[in-house]
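Peer 1: There's a structure below that I have some questions on.
In this note's numbering, the protein residues as written are 133 to 677.
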């Protein structure tokens, strides 16, 4: 039987992802074998077979990683048998901005976070082909009016504004927040604004371009950066670009940006067949220039004060567009941050028949770390034990380049998923454990607005309720503040080395260390205390020692 441990330096050096051209040493054992061969292959390339040298019962081979970034898989052949295969992410080294890696993110759904103090009720503008209306009572539970086919028949707005966010900056800073990730803020028909109507204009219901600049400047004074949501795979049907209802009179000007034909259910290609969201032809030269050019959208809003972009549905954007966006961003603002919405392991994600290149060194700095979220939630909901969870996290550690792992946005909640407290059965103790793990493991912790205040809610729209100002869960807010204080106090939690650990089925954690400190972070999901690694972890509690 062939044995190989990719996490043991006696079997693999270097551990994990490898930079282009570096020597890689791999070893395997099979006591019954006289010969062994290493098989290397890429997603589309031909196999490469390398004979291995036998010494002291172990077969070893050293080779140079490819000069071109790629994902390399390897296995061992011996006696007509082949081992399982393992992955090496071969990448060009890159450096992610320190302000991001050392930060604490707070995600805001703009319509529902805060109205400004001087807010005045204003009905959304009337438009052909749609109906929108204002909710005057901020605490009204969220809902969607639906038609007979269950599609949204009109869009209610709660009236959150950019000035409202600016006025809450002292609160956000008191939480330890250093980065705001804003869901879309550009003009759109809907309240979620993923149906962009005009990339050049702040949605009037949120404010003005001057309000955006003011927010960025005020945030900077508080030590807070702004990351925007870029929805570049599709636009709104009711937009300057598609103009389905003739509200703009511009449809012909942008016709080359879309795909039309009888082969499409609605006569044009849509995102997931949603007629409100026509897909864009991202390779249209004029569209590419509009987004990535010197005066394009990406650079325009960085100049106005943003520090980064999050790419919506990154899986559906061509790699070439992501590279062009990155190039434009780094030319405009070298320390800007590019994050992508990727739900799986970002190193081996396949979409539309292609292996994506997010972390090979020329595309994304970071992704929304949904694999981390799923592993933690499975553990806290007793769907996986501690050892199984460690295995999932170690696999990610093996596959991700270190910079990208430490830049991954560790989220527990988002506008696309049920609220954390709801998912954990309104169990506040286990919710605190989830928050703690966000700060203990490598990655950038992200708080979804209102999770710190005890908000609950199921799937969209119930996870997008209005922030409960005046009715917050003070104990949970205090707990989050204590975590951000710990995070600031212990540099090893940000950039220290990392090893996940498990003890029995119920205790999960990690070692974190650097040149100046060594930490052990543990959580215990069970209803009884557990003594392990020389410490006692309380029932449904945590320790950091």
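The C-beta atom is built at its ideal place from N, Cα and C for all residues, glycine as well.
Quick check on the DSSP output: what are the complete beta strand (DSSP E) runs of length 3 or more inside the segment 271 to 338, in order along the chain?
Peer 2: Runs of the beta strand (DSSP E) inside the segment 271 to 338: 287 to 289, 311 to 314, 318 to 320, 328 to 334.
Peer 1: Do residue 542 and residue 504 come within 9 angstroms of each other at the CB atom, strictly closer than that value?
Peer 2: Position 372 of the chain shown, counted from the start, is the residue given in the question as residue 504. Position 410 of the chain shown, counted from the start, is the residue given in the question as residue 542. In contact: residue 504 and residue 542 (Cβ atoms closer than 9 angstroms).
Peer 1: Quick check on the DSSP output: the alpha helix (DSSP H) that includes residue 503 runs from which residue to which?
Peer 2: Indexing the chain shown from 1 puts residue 503 at position 371. Counting along the chain, the alpha helix (DSSP H) containing residue 503 begins and ends at 502 to 512.
Peer 1: Compare the Cα-Cα distances from residue 513 to each of 149, 307, 194, 562 and report the closest residue.
Peer 2: Translated into the one-based positions of the chain shown, residue 513 becomes position 381. Taking only the C-alpha atoms, the option nearest residue 513 is 562.
Peer 1: At which residues does the alpha helix (DSSP H) containing residue 717 begin and terminate?
Peer 2: With the chain running from 133 to 677 in the structure shown, residue 717 is simply not present.
Peer 1: With C-beta atoms as the reference, is residue 243 less than 9 angstroms away from residue 314?
Peer 2: Along the chain shown, one-based indexing puts residue 243 at 111. Along the chain shown, one-based indexing puts residue 314 at 182. Against a cut-off of 9 angstroms, the Cβ pair of residue 314 and residue 243 comes out as no contact.
Peer 1: Identify, in the order they occur along the chain, each residue of the same chain with its Cβ nearer than 7 angstroms to the Cβ of residue 433, setting aside the five sequence neighbours on each side.
Peer 2: Translated into positions along the chain shown, residue 433 becomes position 301. Cβ neighbours of residue 433 beyond the five flanking positions: 360.
Peer 1: Between the alpha carbons of residue 170 and residue 530, how many angstroms are there, rounded?
Peer 2: Sequence index remark: in the chain shown, residue 170 carries index 38 (1-based). Sequence index remark: in the chain shown, residue 530 carries index 398 (1-based). In a straight line, the C-alpha of residue 170 is about 19 angstroms away from that of residue 530.
Peer 1: Where do the N-terminal and C-terminal ends of the beta strand (DSSP E) with residue 635 fall, by residue?
Peer 2: In the chain shown, the residue the question calls residue 635 occupies position 503. Where residue 635 is concerned, the enclosing beta strand (DSSP E) stretches over 629 to 635.
Peer 1: Thinking just about the alpha-carbon of each residue, which of 431, 438, 363 is nearest to the one in residue 412?
Peer 2: Sequence index remark: in the chain shown, residue 412 carries index 280 (1-based). Checking every option, the nearest Cα to that of residue 412 belongs to 363.
Peer 1: In this structure, does DSSP put residue 260 in helix, strand or coil?
Peer 2: Here the question's residue 260 lines up with position 128 in the chain shown. The answer is coil: DSSP assigns residue 260 none of H, G, I, E or B.
Peer 1: Which same chain residues, not among the five before or five after residue 151, have their C-beta less than 8 angstroms away from its C-beta?
Peer 2: If you number the chain shown from 1, residue 151 lands on position 19. Counting only Cβ-Cβ distances below 8 angstroms, and skipping sequence neighbours, we find 197, 222, 223, 224, 225.
Peer 1: Looking at the secondary structure, which residues open and close the beta strand (DSSP E) in which residue 720 lies?
Peer 2: With the chain covering 133 to 677 only, the question about residue 720 has no answer from this structure.
Peer 1: Alpha carbons only, please: which of 603, 338, 205 is nearest the one belonging to residue 251?
Peer 2: Counted from its first residue, the chain shown places residue 251 at position 119. Out of 603, 338, 205, 338 has the C-alpha closest to the C-alpha of residue 251.
Peer 1: Please name the residue, chosen from 601, 320, 554, 296, that lies closest to residue 594 on a Cα-to-Cα basis.
Peer 2: The residue you call residue 594 lines up with position 462 of the chain shown. Among 601, 320, 554, 296, the Cα nearest to that of residue 594 belongs to 554.
Peer 1: Are residue 308 and residue 616 touching if we call contact CB-CB under 9 angstroms?
Peer 2: In the chain shown, counting from the first residue as 1, residue 308 sits at position 176. In the chain shown, counting from the first residue as 1, residue 616 sits at position 484. It is a contact, given that the beta carbons lie within the stated cut-off.
Peer 1: Determine the DSSP secondary structure at residue 162, reduced to helix, strand or coil.
Peer 2: Walking along the chain shown from the start, residue 162 turns up at place 30. Here residue 162 sits in coil by DSSP.
Peer 1: Between the Cα of residue 638 and the Cα atoms of 655, 623, 618, 630, which residue gives the shortest distance?
Peer 2: For the purposes of this step, residue 638 is taken as the residue at position 506 of the chain shown. Looking at the Cα atoms, 655 is the closest of the given residues.
Peer 1: To the nearest whole angstrom, what separates the beta carbons of residue 247 and residue 291, a pair I think is in contact under 8 angstroms?
Peer 2: Within the chain shown, the letter at position 115 stands for residue 247. Within the chain shown, the letter at position 159 stands for residue 291. With 8 angstroms as the limit, residue 247 and residue 291 qualify as a contact, their Cβ atoms being about 5 angstroms apart.
Peer 1: So what's residue 421 in DSSP terms, helix, strand or just coil?
Peer 2: Along the chain shown, read from residue 1 onward, the residue named residue 421 stands at position 289. Looking at residue 421 - three-state DSSP - the assignment turns out to be helix.
Peer 1: Would a C-beta distance cut-off of 9 angstroms place residue 274 and residue 586 closer than the cut-off?
Peer 2: Position 142 of the chain shown, counting from 1, holds the residue named residue 274. Position 454 of the chain shown, counting from 1, holds the residue named residue 586. Result no, Cβ atoms of residue 274 and residue 586 do not sit closer than 9 angstroms.
Peer 1: Can you grab the Cα-Cα spacing for the pair residue 317 / residue 335, in whole Å?
Peer 2: Against the chain shown, residue 317 aligns to sequence position 185. Against the chain shown, residue 335 aligns to sequence position 203. One C-alpha to the other measures close to 6 angstroms.
Peer 1: What does the alpha-carbon distance come out to for the pair residue 469 and residue 461?
Peer 2: Start at 1 with the first residue of the chain shown, and residue 469 comes out as number 337. Start at 1 with the first residue of the chain shown, and residue 461 comes out as number 329. C-alpha separation (whole angstroms): 8 angstroms.
Peer 1: Identify the continuous alpha helix (DSSP H) that holds residue 152 and give its terminal residues.
Peer 2: Here residue 152 corresponds to residue number 20 of the chain shown, with the count starting at 1. Here residue 152 belongs to no alpha helix (DSSP H), and DSSP marks it neither H nor E.
Peer 1: Closest by CA to residue 194, which one among 379, 602, 442, 153?
Peer 2: The residue given as residue 194 occupies position 62 in the chain shown. Among 379, 602, 442, 153, the Cα nearest to that of residue 194 is on 153.
Peer 1: Could you have a look at residue 606 and say whether DSSP puts it in helix, strand or coil?
Peer 2: As a first step, residue 606 must be located in the chain shown, where it is residue number 474. Residue state, collapsed to three classes: helix.
Peer 1: How would you label residue 181, buried or exposed, when you count the other beta carbons within 10 angstroms and need 16 or more for buried?
Peer 2: For the purposes of this step, residue 181 is identified with residue 49 of the chain shown, where counting begins at 1. With fewer than 16 Cβ atoms within 10 Å of its Cβ, residue 181 is classed as exposed.
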